[in-house]
Amino acid sequence: MTSVTSTLTSPAPMAAKIARWRTPAGVLTALIAVLVLLMLLSASSGAMHIPLSVLPGLPFSAEGPDEALWRSVLMDVRLPRVLFAALAGAALALSGAAMQALFRNPLAEPGLIGISAGGALGAVGAIVLGGGAFIVLAPAAFVGSLVATIAAYHLGRRYPGMAGLLLAGVAINAICGALVGLFTYLADDNQLRSLTFWNMGSLAGASWPLLAGLAPWTLIVGALIARDWRAMNALLLGEREALHLGFPLKAVRRRLILLTALLVGPLVAATGAIGFVGLVVPHLVRLALGADHRWLLPNSVVAGAIALTLADWLARIAVIPAELPIGIVTSLVGGPFFLWLLAQRRH
């Protein structure tokens, strides 16, 4: 009896359960659960509150007038936006993790090589010269991201390692920033308003057709990036060591840069400027789980979906019935965290 009692009261089984949940697989499972709960909360909250108790059944039936109104709001507005927030957050975090592995720097993000600046230039040019219709703005932002990335790569590859690409990215960002300033100077009042809101970022344009177009593209490109997790792990040892292990670094570098541009470019076109998700989320996951990209990448994907879903939820409920631009929310959180990262690196 004493042994049974001591076994029941021993902390060892509880410690074992806690240790099991602290593994990368356990953390991933917990993050998925948090994401599902957060998506339900986000779908029920806003200018019109939808009770959580009726939320699961609303897509399938609506018996009364209230349920019919809730169903319309959920299916036409909330659900596409929540799914789009999760998709965009996952893609931004994955691209950030890939860039941090490529540059071997926890402060790297897709904007470092001109992806975001090129997209901003394309979108601003479309707003000023093409009227700002989404059918023009989205392709222009995507093409801008792709051209800026290709230009940075071709200029940067003249130098060994990643230093040339980094310097080329700085130059591309500066040029794109100057051209955005020029377009802003030439814009009229209505165009300036559109420019301002695009640069702040928003998920208000989410819709089922947009999801139908972006989701398959994002999943395919994201899977292609994740396939290189072994090369990312090898890069942590250094470029010379990765070459000795048999990884073709030039091909890996070219592939990851192109795939990152293909992943982020369409999202920048659809959402506008949303900063810091690609920087903050992968770094936090790395601090918690280590740098093994076999687990870092999937955990970053789910954590990124959580981060942007949470930011979108806060943006919608902070100033009901209006909403804050989501880029403001992510910058208010990401900016101080970036400064903290810099302070940690200094120490």
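Numbering-wise (the working numbering), the sequence shown opens with residue 1 and increments by one.
The C-beta atom is built at its ideal place from N, Cα and C for all residues, glycine as well.
Residues near residue i by beta carbon distance below 6 Å, same chain, minus five either side
i, result
"His293", "Trp229, Met232, Asn233"
"Gly144", "Gly118, Gly119, Leu121, Gly122"
"Ala307", "Gly89, Val277, Val281"
"Thr7", "Reliability fails at Thr7, whose pLDDT of 42 lies under 50, so the model's placement of it is uncertain and no value is given."
"Gly130", "Val136"
"Ala126", "Val136, Leu137, Ala140"
"Gln191", "Ile127, Val128"
Proximity winner among the options, relative to residue i (alpha-carbon distances)
i, options, result
"Met314", "Ser45, Ile32, Gly181", "Met is not the amino acid found at residue 314; the sequence shown has Leu there. That would be Ser45, whose Cα lies nearest to the Cα of Leu314."
"Gly156", "Leu166, Val147, Ala101", "Leu166"
"Trp70", "Ala86, Leu52, Leu83", "Leu52"
"Gly348", "Gly130, Glu241, Gly119, Leu107", "Because the chain in this structure spans residues 1 to 347, residue 348 falls outside the shown range and cannot be described."
"Leu28", "Ser300, Glu323, Ile172, Ala318", "Ser300"
"Asn173", "Ile113, Val73, Gly64", "Ile113"
"Ala88", "Leu203, Phe247, Ser331", "Leu203"
"Leu332", "Phe276, Pro321, Ala322, Leu38", "Phe276"
"Ala33", "Ala343, Phe337, Trp340, Ala303", "Ala303"
"Ala86", "Leu258, Leu256, Thr218", "Thr218"
"Arg253", "Trp295, Thr149, Val73, Val36", "Thr149"
"Val268", "Ala141, Ile135, Ala93, Leu258", "Ala141"
"Leu237", "Ala47, Ala163, Ala291, Thr23", "Ala291"
"Met75", "Leu211, Tyr153, Ala251, Arg227", "Leu211"
"Thr353", "Val147, Pro24, Leu41", "This structure gives no information on residue 353, because the portion of the chain shown stretches from 1 to 347."
C-alpha gap between residue i and residue j, whole angstroms
i, j, result
"His49", "Val319", "14 Å"
"Leu289", "Val128", "45 Å"
"His244", "Leu235", "11 Å"
"Thr184", "Pro325", "19 Å"
"Phe60", "Phe338", "44 Å"
"Arg286", "Ile274", "21 Å"
"Leu179", "Ala163", "25 Å"
Own chain residues within Cβ distance below 7 Å of residue i, not counting five before or after
i, result
"Val329", "Ala311, Leu314, Ala315"
"Pro110", "Ser95, Gly96, Met99, Ser116, Thr260, Val264, Gly278"
"Ala206", "Pro80, Arg81, Phe84"
"Trp340", "none"
"Val221", "Leu259, Leu262, Leu263"
"Thr271", "Ala88, Gly201, Ser202, Leu203"
Assigned secondary structure, residue i (DSSP; H/G/I helix, E/B strand, else coil)
i, result
"Tyr159", "coil"
"Pro56", "helix"
"Val319", "coil"
"Ser202", "coil"
"Arg193", "helix"
"Val329", "helix"
"Leu79", "helix"
"Ile50", "coil"
"Pro336", "helix"
"Asp66", "helix"
"Ser300", "helix"
"Asn173", "helix"
"Thr184", "helix"
"Arg350", "Coverage of the chain is limited to positions 1 through 347, which leaves residue 350 absent and any answer about it impossible."
Residue i beta carbon near the ligand NAP (any heavy atom closer than 7 Å)
i, result
"Arg294", "The ligand NAP is not part of this structure, which contains no ligands at all."
Beta-carbon proximity list for residue i, same chain, < 8 Å, skipping 5 on both sides
i, result
"Val54", "Glu67, Trp70"
Inset, instruction - Can you check the stretch 241-293 for any alpha helix (DSSP H) of at least 4 residues that lies completely inside it and give the ranges in chain order? - result: 249-271, 277-289
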